[in-house]
Amino acid sequence: MEYKQMIKNAFIYFRKPYKLNDFQFTAKTLSVKKDTYSLCKIKQLHVRKLSLKDNIVNMVSWALVLSAVTWAFVPQFGFLTFPFCILFAFLFWKKYEIKAEFLATDETGDYWVSIAIGYTDDDFEVFKKVKLQYQQSKLEVI
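All letters in the sequence shown, in the order written, are residues 7 to 148 by the working numbering.
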């Protein structure tokens, strides 16, 4: 079973599954692999399971943008780019994500940023544990 999971991760998702130690909390920061976020700017974390609609909207959006750019610079390949991009987007089908709501720094308001995207059920469990750690760290500050 482990061999099949390893093949699946290597050839389909091109990413290693997240582990709990990929997320590091310090007194002032949250680090996700090589990215660092200031805890004082994060309002809350949200873990969610992405739906079919979320993935289809993402696929079609990217395909439209890429085919429009191709059409603008190389018109003879513009028509072929859209179906190719749709097929290619299936390789990047996302299942889970953890998002952070950041406090507004100007008049645009608070905004959400995806800080990690997961493809396996193990990733989802790790994301839930990270959210719990974040909530506990916020309670300790108060």
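Using N, Cα and C, we set each Cβ at its ideal position, and we do this for glycine too. All figures in this text were calculated on a predicted structure; none of them were measured in a lab.
Which of helix, strand or coil does DSSP assign to residue i?
| i | result |
| --- | --- |
| residue 45 | coil |
| residue 57 | coil |
| residue 125 | coil |
| residue 32 | coil |
| residue 23 | coil |
| residue 113 | coil |
| residue 99 | coil |
With a 10 Å radius around its C-beta and 16 neighbouring C-beta atoms as the bar for buried, classify residue i as buried or exposed.
| i | result |
| --- | --- |
| residue 78 | exposed |
| residue 129 | buried |
| residue 51 | buried |
| residue 73 | buried |
| residue 6 | Since the displayed the chain opens at 7 and closes at 148, residue 6 lies outside it and no answer follows. |
| residue 80 | exposed |
| residue 106 | buried |
| residue 136 | buried |
| residue 29 | buried |
| residue 104 | buried |
| residue 42 | exposed |
| residue 76 | buried |
| residue 96 | exposed |
Could you name the residues that DSSP lists as bridge partners for residue i?
| i | result |
| --- | --- |
| residue 77 | None, per the DSSP bridge assignment. |
| residue 120 | 105 |
| residue 38 | 29 and 41 |
| residue 142 | According to DSSP, residue 142 bridges with nothing at all. |
| residue 51 | 106 |
Taking residue i and residue j to be in contact with their CB atoms under 8 Å, please state how far apart those CB atoms are, rounded to whole angstroms.
| i | j | result |
| --- | --- | --- |
| residue 68 | residue 46 | With 8 Å as the limit, residue 68 and residue 46 do not qualify as a contact, their Cβ atoms being about 33 Å apart. |
| residue 102 | residue 55 | 6 Å |
TODO: State whether the segment 111–120 contacts the segment 81–88, with contact taken as three or more CB pairs (one from each stretch) at a distance under 8 Å.
DONE: Between the segment 111–120 and the segment 81–88 there are fewer than three C-beta pairs closer than 8 Å, too few to call the two in contact.
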